[in-house]
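> So that we are looking at the same thing, I have put the structure below in structure tokens.
Numbering (the working numbering), first residue to last: 2 to 338.
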């Protein structure tokens with residue numbers, strides 16, 4: 002399926018059409034990747050910008066507009082985020098129709114600052130606190146966010162692409178699928194009060210924000226924004242800081258990292274928002290949810306190849322093996338609560 006989209010993308014020259022809609026010279030675009038989208042970088046008047054093209058089978062035009070509305074609401078209320086840019090015709094999005102499907106183009110300011118990679122991010126307590134602060138402010142704003150246009154709305158958590166496509170996993174993964182149903186059933190029972198449930202970023206890993214020299218965080222890539230429990234944003238950030246420690250020998254490191262992250266994160270978060278301790282105790286459930294999503298994604302990227310023969314990354318193969326074992330036993334990657 003992914004290959005078919007790429008073929009359509011190449012045949013129809015969607016990139017050049019999208020570039021023309023935003024007054025961009027297509028020869029000045031640099032492809033920088035993307036899993037669900039096609040993402041390019043370009044320069045104009047000394048500034049750096051992003052052109053993103055989204056296949057219609059991934060997001061509808063209404064869902065993309067809802068994402069941009071959410072970003073503009075946040076930036077308008079003091080959140081530092083990569084904001085959208087109008088097209089040459091004054092539109093926030095441009096829909097490109099082809100006989101096979103539509104594509105939705107959007108442009109953004111490129112976030113200021115730089116990414117913090119591994120292993121530096123594993124010891125950055127100051128960034129953990131700032132992550133807590135900006136997450137808390139975002140959740141406080143989410144409590145007041147109402148989009149008057151009901152047709153322009155982001156999806157709920159259970160409509161996540163990977164959760165909807167659990168059958169990407171091979172038939173041999175029947176125990177993982179049992180855990181999937183158990184996790185979904187557990188989460189469905191959680192109350193959806195306005196103080197705990199709302200629109201979240203949905204993918205706040207270290208790859209989706211930049212940090213300035215002054216330590217200010219600028220968020221970007223809101224493509225996974227969804228309605229969910231605020232604590233899911235906690236678990237997503239935490240997961241990507243503990244999954245690097247593998248094996249039984251990594252257990253102590255995972256626990257130490259989790260405790261340290263949460264200590265500094267909550268110091269920042271509590272300055273902007275409050276969340277009942279009940280939800281902190283649910284972090285292990287949402288850690289399992291995140292692991293499940295990442296695990297399904299791994300199989301999609303390798304077309305269901307259980308041996309991952311196309312990869313020479315031994316860390317990745319170890320993670321797949323350990324992740325499957327945890328999921329089969331319905332165990333979170335770390336549990337210090």
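Just so it is clear, CB atoms sit at the ideal spot from N, CA and C, and this is done for glycine as well.
1. Alpha carbon to alpha carbon, how far is residue 1 from residue 96?
2. Per DSSP, what are the beta-bridge partners of residue 230 in this structure?
3. Might you give, ordered along the chain, the residues of its own chain that have their beta carbon closer than 6 Å to the beta carbon of residue 322, omitting 5 neighbours on each side?
4. Along the alpha helix (DSSP H) that carries residue 317, what are the first and last residues, could you check?
5. From residue 76 to residue 37, what distance separates their C-alpha atoms?
6. Within 10 angstroms of its Cβ, does residue 115 collect 16 or more other Cβ (buried), or is it exposed?
7. Taking DSSP's pairing of strands, which residues face residue 216 in a bridge?
8. Report the three-state DSSP secondary structure of residue 133 (helix, strand or coil).
9. Just confirm the distance between the C-beta atoms of residue 138 and residue 42, as a whole number of angstroms; I'd bet it's less than 8 Å.
10. Specify whether the segment 261–279 and the segment 159–174 touch according to this definition: at least 3 beta carbon pairs, one from each stretch, less than 8 Å apart.
11. DSSP state of residue 96, grouped into three classes?
12. Alpha carbon to alpha carbon, what distance is there between residue 337 and residue 52?
13. Do residue 169 and residue 300 have their C-beta atoms within less than 7 Å of each other?
14. How would you call residue 214, buried or exposed, if buried means at least 16 neighbouring beta carbons within 10 angstroms?
15. Starting from residue 293, trace the beta strand (DSSP E) in both directions and tell me its first and last residue.
16. With a cut-off of 8 Å, do at least 3 Cβ pairs link the segment 262–272 to the segment 286–302?
17. Would you list the one or two residues that DSSP bridges to residue 110?
18. Alpha carbon to alpha carbon, how far is residue 248 from residue 316?
19. Which value, in whole angstroms, describes the spacing of the CA atoms of residue 285 and residue 29?
20. Between residue 232 and the rest of its own chain, which residues show a CB-CB distance below 8 Å, the 5 nearest in sequence each way excluded?
21. For residue 59, does the three-state DSSP call read helix, strand or coil?
22. Pick out whichever of 177, 320, 208 and 62 has its Cα sitting closest to the Cα of residue 33.
23. Just to confirm my understanding: we take residue 255, look at its own chain, exclude 5 residues before and 5 after, and list those with CB closer than 7 Å. What are they?
24. Who pairs with residue 105 in a beta bridge, going by DSSP?
25. Can you tell which of 326, 228, 190 and 98 has the C-alpha that lies nearest to the C-alpha of residue 204?
26. For residue 144 and residue 240, I'd like the C-alpha separation in whole angstroms.
27. On the three-state DSSP scale, how would you describe residue 146?
28. Compare the C-alpha of residue 159 against each of 186, 177 and 134 and name the closest.
29. Could you check whether residue 105 and residue 151 sit closer than 7 Å to each other, using their CB atoms as the reference points?
30. Assign residue 210 to one of three DSSP states: helix, strand, or coil.
31. Would a C-beta distance cut-off of 7 Å place residue 65 and residue 94 closer than the cut-off?
32. Might you give, ordered along the chain, the residues of its own chain that have their beta carbon closer than 7 Å to the beta carbon of residue 49, omitting 5 neighbours on each side?
33. With a 10 Å radius around its C-beta and 16 neighbouring C-beta atoms as the bar for buried, classify residue 125 as buried or exposed.
34. Give every residue of the same chain whose Cβ lies closer than 6 Å to the Cβ of residue 9, excluding the five residues on either side of it in the sequence, and list them in chain order.
35. Among the residues of its own chain, which have a CB less than 8 Å from the CB of residue 74, if the five just before and after it don't count?
36. Is residue 67 helix, strand or coil when you go by DSSP?
According to the structure data:
1. The question about residue 1 has no answer, for the chain in this structure spans 2 to 338.
2. 198
3. none
4. 315–329
5. 24 Å
6. exposed
7. According to DSSP, residue 216 bridges with nothing at all.
8. helix
9. No, residue 138 and residue 42 are not in contact; Cβ-Cβ is about 28 Å, not under 8 Å.
10. no
11. strand
12. 41 Å
13. yes
14. exposed
15. Run containing residue 293: none in the beta strand (DSSP E); it sits in the alpha helix (DSSP H), 284–302.
16. no
17. 50
18. 11 Å
19. 45 Å
20. 197, 276, 280, 281, 283, 284 and 287
21. coil
22. 208
23. 243, 246, 334 and 335
24. 55 and 96
25. 228
26. 25 Å
27. coil
28. 186
29. no
30. strand
31. yes
32. 42 and 111
33. buried
34. With a pLDDT of only 49 at residue 9, under 50, the local geometry of the prediction cannot be trusted, and the value read off the model is given with reservation. Closer than 6 Å at the Cβ level, and outside the excluded window around residue 9, lie 101.
35. 142 and 146
36. helix
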